[in-house]
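Report on the following structure.
Residue numbers (the working numbering): 1 to 256.
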């Protein structure tokens, strides 16, 4: 049983420390982007303090230092909120880049579709014009005839290029998924997992602080005996005081 607890504690602390390191790196990366030097040091320390504060909260509660426990809970809330919003902002920025790329790919497909339709329409007109002069021989075919045939060839090449661009655009375009992960889910999972795992890793198998045993209730006889003992002690003290007072009086009279 003890070996199992030790393995569980080591596993919790290892995984929790790894997740805490992820949060520290996210905070450090965000601090670099902000350009503030002191935040480059403060941000990782805040991410490290968040999971450790819960351990201190539990110790303070067991020691019945409730004011300190409330203060530590306040610190924990501030640290956890800082780490969460920092990671959520970075996650949102990363997902926004991917979403912008997908929108650009879909826009490229739209442009390629319009370009292909325009090329096919131009090719149709060029083919119609070329059909009018197609039966003429080389001597009868003049400049207008040659231009019509050249336009037909250029239009066909344009259609081929548009179809190739259309194929490339469709290959890179990705549709949006119906099931999307919220921006807050990943940072919240990382924060909660590392805090709980480190908290459990430090507290698993630890014996709670023993509380003071309550004194058993006294019987009526014990209460009466205690009252009598107190009365005897008081009477004894009063007799001693009276005896000392008499001695002091005798000494004063003898000196006179």
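By construction, the Cβ of each residue, glycine as well, lies at the ideal position given by its N, Cα and C atoms.
Note that the structure is a prediction, hence the values are computed from the model and not measured.
Classification of residue i by the beta-carbon crowding that lies within 10 angstroms, buried from 16 upward
i: residue 155; result: buried
i: residue 194; result: buried
i: residue 64; result: exposed
i: residue 44; result: buried
i: residue 248; result: exposed
i: residue 16; result: buried
i: residue 6; result: exposed
i: residue 53; result: buried
i: residue 70; result: exposed
i: residue 185; result: exposed
i: residue 103; result: exposed
Which of helix, strand or coil DSSP assigns to residue i
i: residue 182; result: coil
i: residue 242; result: helix
i: residue 130; result: helix
i: residue 173; result: coil
Cβ separation of residue i and residue j, assumed to be a contact under 8 Å, to the nearest whole Å
i: residue 84; j: residue 188; result: 6 Å
i: residue 95; j: residue 30; result: With a Cβ gap of about 15 Å, residue 95 and residue 30 do not count as contacting.
i: residue 148; j: residue 171; result: Wrong, their Cβ atoms sit about 35 Å apart, outside the cutoff.
i: residue 32; j: residue 40; result: 6 Å
i: residue 13; j: residue 198; result: 6 Å
i: residue 92; j: residue 183; result: 5 Å
Residue i and residue j closer than 7 Å at C-beta
i: residue 19; j: residue 200; result: no
i: residue 60; j: residue 80; result: no
i: residue 26; j: residue 87; result: yes
i: residue 262; j: residue 159; result: Coverage of the chain is limited to positions 1 through 256, which leaves residue 262 absent and any answer about it impossible.
i: residue 165; j: residue 112; result: yes
i: residue 151; j: residue 126; result: yes
i: residue 286; j: residue 169; result: With the chain represented from 1 up to 256, any question about residue 286 goes unanswered, as that position is not in the structure.
i: residue 82; j: residue 46; result: yes
i: residue 202; j: residue 55; result: yes
i: residue 73; j: residue 57; result: yes
Chain C within 7 Å of residue i, Cβ atoms only
i: residue 19; result: The structure shown has no chain C; it contains just one protein chain.
Tell me the start and end of each unbroken alpha helix (DSSP H) in the segment 33-92 that is at least 4 residues and wholly inside, in chain order. Complete alpha helix (DSSP H) runs here, min 4: 37-62.
Any chance you could list the alpha helix (DSSP H) runs of at least 4 consecutive residues sitting entirely within the segment 92-116, in chain order? none
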